[in-house]
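Here's the structure we're looking at; comments come further down.
Numbering (the working numbering), first residue to last: -15 to 161.
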């Protein structure tokens, strides 16, 4: 599956209507479930590639700041939320995680405490495969999609956070007045 074909599924799931990540996942599942099983498997493999490409320490640190902490599963689910917002959102966030400070809902989360996760986006291929075939998605060797938590820099080090993610730090590490 080509990259454009992968993202076209997400684009169709968000086209012409605002949607929650759960709605995006439901629409994408419905789209993929009409396809051949091998195409669904290929879509899932491409999702793994997106997860690998987005599995950076600084993006994890951004998720840590934004969500008020971030476990391994939380980081995966945060990237599911990003994927539900499309190709440009993922590319921009991977290139510059600090650019998330420019996203309106992220800015408002500094006050509201909103958490951004979408586990359902990560199971689009599995759900579509079940709908299409009545069987579970075949098991495959899954790539490592994030750094080992033991190898991360200390996300509680505010000086390092401010150095790496200055705009997000200003939003989420600001001292209360």
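All C-beta atoms, glycine included, are put in the ideal place defined by N, C-alpha and C. This one's a predicted model, so the numbers in the text were calculated from it and none came from an experiment.
Distance between beta carbons of residue j and residue i, contact taken as under 8 Å
{"i": "residue 149", "j": "residue 81", "result": "6 Å"}
{"i": "residue 102", "j": "residue 61", "result": "6 Å"}
{"i": "residue 127", "j": "residue -12", "result": "Not really, about 21 Å apart at Cβ, beyond 8 Å."}
{"i": "residue -15", "j": "residue 17", "result": "The Cβ separation is near 16 Å, so there is no contact."}
{"i": "residue 87", "j": "residue 9", "result": "Contact flag wrong, Cβ pair sits at about 20 Å."}
Distance CB(residue i)-CB(residue j) smaller than 9 Å
{"i": "residue 78", "j": "residue 107", "result": "no"}
{"i": "residue 122", "j": "residue 68", "result": "no"}
{"i": "residue 15", "j": "residue 133", "result": "no"}
{"i": "residue 152", "j": "residue 66", "result": "no"}
{"i": "residue 11", "j": "residue 29", "result": "no"}
{"i": "residue 43", "j": "residue 63", "result": "yes"}
{"i": "residue 74", "j": "residue 34", "result": "yes"}
{"i": "residue 85", "j": "residue 154", "result": "yes"}
{"i": "residue 45", "j": "residue 137", "result": "yes"}
{"i": "residue 120", "j": "residue 109", "result": "no"}
> In the region 23 to 110, which residue ranges form an unbroken alpha helix (DSSP H) of at least 4 residues, counting only runs that do not cross its ends?
Replying inline: 41 to 51, 56 to 68, 71 to 79, 88 to 96 and 103 to 106
> Which ranges would you report for the alpha helix (DSSP H) in the region 122 to 157 if only whole runs of at least 4 residues count?
Replying inline: Within the region 122 to 157, the complete alpha helix (DSSP H) segments of 4 residues or longer fall at 142 to 148 and 150 to 156, listed in chain order.
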